[in-house]
Ligand SMILES: O=P(O)(O)OC[C@H]1O[C@H](O)[C@H](O)[C@@H](O)[C@@H]1O
């Protein structure tokens, strides 16, 4: 499929290819338009008014709306849409490094590079009901190779499901020709929009071990019930379950995250003091956001030349009573560990 001109719908994929390739949906549909500061973004429109937006800058999802046109992701009112600053909010992609777990800039460089639309991605098994999606690709520039000397292809598919679910599938391939493996850490740094952080709880991470970034990455075990928020938090939960729920009591809304290929989950809220110190974040905005970030942090992923890794995140927003108390952390944990 050729990239569409700005502000016009993409042409339908070749019907013959769709008919023969059961792994690809039939009629991908998106629009490419100008976003903030003239940066290009892709609009995905689903049925019943569901929608999503993805900037080519960072391959960053910056909007996900339900059928009432309510925004489900948080983007700061002070977000800077100007390279090399990463956009504050939505779903930044941390690659090839999460946080300060290495020598690269914080969270790696994928989030502040210009990605391109991938017209001809390798087949990807997908729900045939998904009609609205886009494939993006990042390959390292000569400058990138100087700071991280590995050749790779990073393909990201962002898809909007028939019920408004949003999924992100990353495929990272080692294309080194010198026989060298590489290792990386990774996260979907998802910023959720919440009514009031003090009314929110997270289910699925209780009893998990975590590394506390506020205590020199020391390891602890989470105690007690669901996680609630009263102060700054910056924890990497290890071998977290494949399903995590964020329950927003005030909004009567539950976000359900399903992750594959990503053992860990980072939970972050900067709270008032750090919020004030961030140039691209409003002073009181910490009350209305929570980051829960499916990730691979503790054990870096290693790929030999020719090998490919896949990491997937699926998000849904459902009425609140749906999930509360229904996640069994131990069961989910065993599933995550493949036991
Ligand atoms: O300001 P950024 O580079 O986007 O990072 C924002 C936050 O991301 C993650 O959640 C890390 O665990 C935090 O330590 C970090 O402060």
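Residue numbers (this note's numbering): 1054 to 1392.
Cβ coordinates follow ideal geometry from the N, Cα and C atoms, glycine included.
Residue i: CB within 7 Å of a non-hydrogen atom of ligand 1
i	result
residue 1159	yes
residue 1266	yes
residue 1124	no
residue 1211	no
residue 1154	no
residue 1197	no
residue 1341	no
residue 1128	no
residue 1287	yes
residue 1139	yes
residue 1321	yes
residue 1338	no
residue 1346	yes
residue 1242	yes
Other residues of its chain near residue i: CB distance less than 7 Å, five sequence neighbours each side excluded
i	result
residue 1339	1250, 1322, 1323, 1324, 1325 and 1328
residue 1161	1147, 1148, 1149 and 1150
residue 1254	1279, 1280, 1281 and 1300
residue 1232	1358
According to DSSP, residues forming a beta bridge with residue i
i	result
residue 1106	1096 and 1116
residue 1255	1280 and 1299
residue 1354	1237
residue 1265	1271 and 1288
residue 1227	1205
residue 1185	1213
residue 1190	1169 and 1208
residue 1321	1287 and 1344
residue 1087	1093
residue 1478	Summary: the structure shown does not reach residue 1478, with the chain confined to residues 1054 through 1392, and so no result is reported for it.
residue 1334	Bridge partners of residue 1334: none, in fact.
residue 1311	1296 and 1367
residue 1245	1126 and 1343
residue 1196	The partner list for residue 1196 (beta bridge, DSSP) is empty, contrary to what the question assumes.
residue 1360	Answer is none; residue 1360 lacks a bridge partner.
residue 1220	1212 and 1367
residue 1372	1306
residue 1140	DSSP, once it has assigned bridges, lists no residue as partnering residue 1140.
Cutoff 6 Å; reference residue i; Cβ partners in own chain excluding five residues on either side
i	result
residue 1220	1212 and 1367
residue 1207	1191 and 1225
residue 1361	1224 and 1226
residue 1369	1218 and 1309
residue 1320	1286, 1288 and 1345
residue 1075	Caution applies to residue 1075, whose pLDDT of 47 falls short of 50 and renders its modelled position unreliable; the value that the coordinates give is listed next. Excluding sequence neighbours, residue 1075 sits near nothing in its chain.
residue 1266	1287
Cutoff 8 Å; reference residue i; Cβ partners in own chain excluding five residues on either side
i	result
residue 1373	1300, 1301, 1302, 1304, 1305, 1306 and 1307
residue 1101	1120 and 1217
residue 1390	Low confidence applies to residue 1390: its pLDDT is 44, below 50, so where it sits in the model is not reliable enough to give any reading.
residue 1094	1085, 1086, 1087, 1088, 1106, 1107, 1108, 1109 and 1115
Which listed residue (the options) has its alpha carbon closest to that of residue i
i	options	result
residue 1341	1229, 1248, 1239 and 1094	1248
residue 1243	1176, 1271, 1141 and 1237	1141
residue 1283	1239, 1343, 1110 and 1359	1343
residue 1365	1239, 1289, 1253 and 1285	1239
residue 1178	1210, 1152 and 1195	1210
residue 1261	1269, 1273 and 1268	1273
residue 1352	1236, 1363 and 1216	1236
residue 1314	1332, 1196, 1337 and 1350	1350
residue 1222	1200, 1202, 1229 and 1174	1174
residue 1105	1125, 1170, 1198 and 1093	1125
residue 1152	1202, 1082, 1264 and 1099	1264
residue 1337	1196, 1121 and 1131	1131
residue 1120	1134, 1103 and 1110	1103
residue 1296	1348, 1363, 1270 and 1246	1348
residue 1135	1167, 1317 and 1193	1167
residue 1091	1229, 1127 and 1108	1108
residue 1318	1335, 1291 and 1229	1291
residue 1086	1271, 1163, 1170 and 1156	1170
residue 1129	1259, 1115, 1228 and 1164	1115
residue 1163	1139, 1154, 1172 and 1186	1139
residue 1112	1198, 1145 and 1202	1145
residue 1230	1252, 1256 and 1203	1203
residue 1363	1277, 1316 and 1271	1316
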